[in-house]
Amino acid sequence: MLVHAAVARLNAAYRDAGVALPATETVTSCTAFKTLRGALVIAPPAVQGSRWAKALGPHSDAFASGWMRLRGARRRRGVDRGFVFSDHADWPGLLSAVRETGAQRVIVTHGDEGTLVRYLTELGLQADAFATEYGDETHGGIEDPA
0 MLVHAAVARL NAAYRDAGVA LPATETVTSC TAFKTLRGAL VIAPPAVQGS
50 RWAKALGPHS DAFASGWMRL RGARRRRGVD RGFVFSDHAD WPGLLSAVRE
100 TGAQRVIVTH GDEGTLVRYL TELGLQADAF ATEYGDETHG GIEDPA
């Protein structure tokens with residue numbers, strides 16, 4: 000499995016934290032470009048249509064997101080394939096993460112910030128919302144399906 004250098008750095012951080020991941024190799028470390036034929040290359044969305052992606056030669060691209068559940072999402076994203084896969088945590092998962100880390104201060108970045116901030120505050124934690132450039136979790140008036 001081949002990865003973009005940015006993905007390799009994230010993988011290294013996960014491995015350092017004890018997360019078992021399959022072996023990967025960066026695309027730039029491939030000894031021969033023919034190794035790319037038929038390979039799975041994992042890269043961040045920002046490389047779509049870039050010189051980096053064009054250097055791979057003819058290829059098919061895909062995008063994994065909870066948004067792929069919505070009709071037309073693959074076409075709007077401009078990819079050949081769409082896989083429904085979300086990295087969003089559910090309510091029990093969020094509360095479990097807060098509890099297991101022992102965090103005393105939690106900063107909520109997006110989603111239903113007010114509800115989570117209020118609940119965590121009621122539990123005695125210091126909780127605040129932090130506005131990000133991504134805004135809320137709506138897409139054209141449609142709630143995030145994840």
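Residue numbers are given in numbering that gives the first Met the number 0: position 55 of the sequence shown equals residue 54, and the series is strictly consecutive. Glycine included, every Cβ here is placed at the ideal spot set by N, Cα and C.
Within 10 Å of its beta-carbon, does residue i have 16 or more other beta-carbons around it, so buried, or fewer, so exposed?
{"i": "residue 95", "result": "exposed"}
{"i": "residue 61", "result": "exposed"}
{"i": "residue 39", "result": "exposed"}
{"i": "residue 166", "result": "As displayed, the chain neither begins before 0 nor continues past 145, which places residue 166 out of reach and without an answer."}
{"i": "residue 45", "result": "exposed"}
{"i": "residue 121", "result": "exposed"}
{"i": "residue 19", "result": "exposed"}
{"i": "residue 71", "result": "exposed"}
Between the Cα of residue i and those of the options, spot the shortest distance and give me the residue it belongs to.
{"i": "residue 101", "options": "74, 107, 85 and 124", "result": "124"}
{"i": "residue 82", "options": "75, 70, 64 and 88", "result": "64"}
{"i": "residue 37", "options": "58, 121 and 11", "result": "58"}
{"i": "residue 1", "options": "15, 16, 107 and 27", "result": "27"}
{"i": "residue 80", "options": "66, 89, 88 and 91", "result": "66"}
{"i": "residue 54", "options": "35, 113, 43 and 69", "result": "35"}
{"i": "residue 25", "options": "116, 117, 19 and 43", "result": "43"}
Residue i by DSSP, collapsed to three states: which one?
{"i": "residue 127", "result": "strand"}
{"i": "residue 65", "result": "helix"}
{"i": "residue 77", "result": "coil"}
{"i": "residue 104", "result": "strand"}
{"i": "residue 35", "result": "helix"}
{"i": "residue 91", "result": "helix"}
{"i": "residue 113", "result": "helix"}
{"i": "residue 8", "result": "helix"}
{"i": "residue 54", "result": "coil"}
Per DSSP, which residues does residue i bridge with? Please list them.
{"i": "residue 1", "result": "24 and 40"}
{"i": "residue 18", "result": "In DSSP, residue 18 forms no bridge with anything."}
{"i": "residue 84", "result": "Residue 84 pairs with nothing; no bridge assigned."}
Skipping 5 residues on each side, what residues in its chain have a beta carbon closer than 7 angstroms to that of residue i?
{"i": "residue 21", "result": "0"}
So, at 6 angstroms on beta carbons, what are the nonlocal neighbours of residue i in its own chain, with the 5 sequence-adjacent residues on each side left out?
{"i": "residue 52", "result": "46"}
{"i": "residue 5", "result": "43"}
By Cβ distance below 8 angstroms, which residues in the same chain neighbour residue i in space, the five residues on each side in sequence not counted?
{"i": "residue 93", "result": "115"}
{"i": "residue 84", "result": "63, 64, 65 and 67"}
{"i": "residue 88", "result": "96"}
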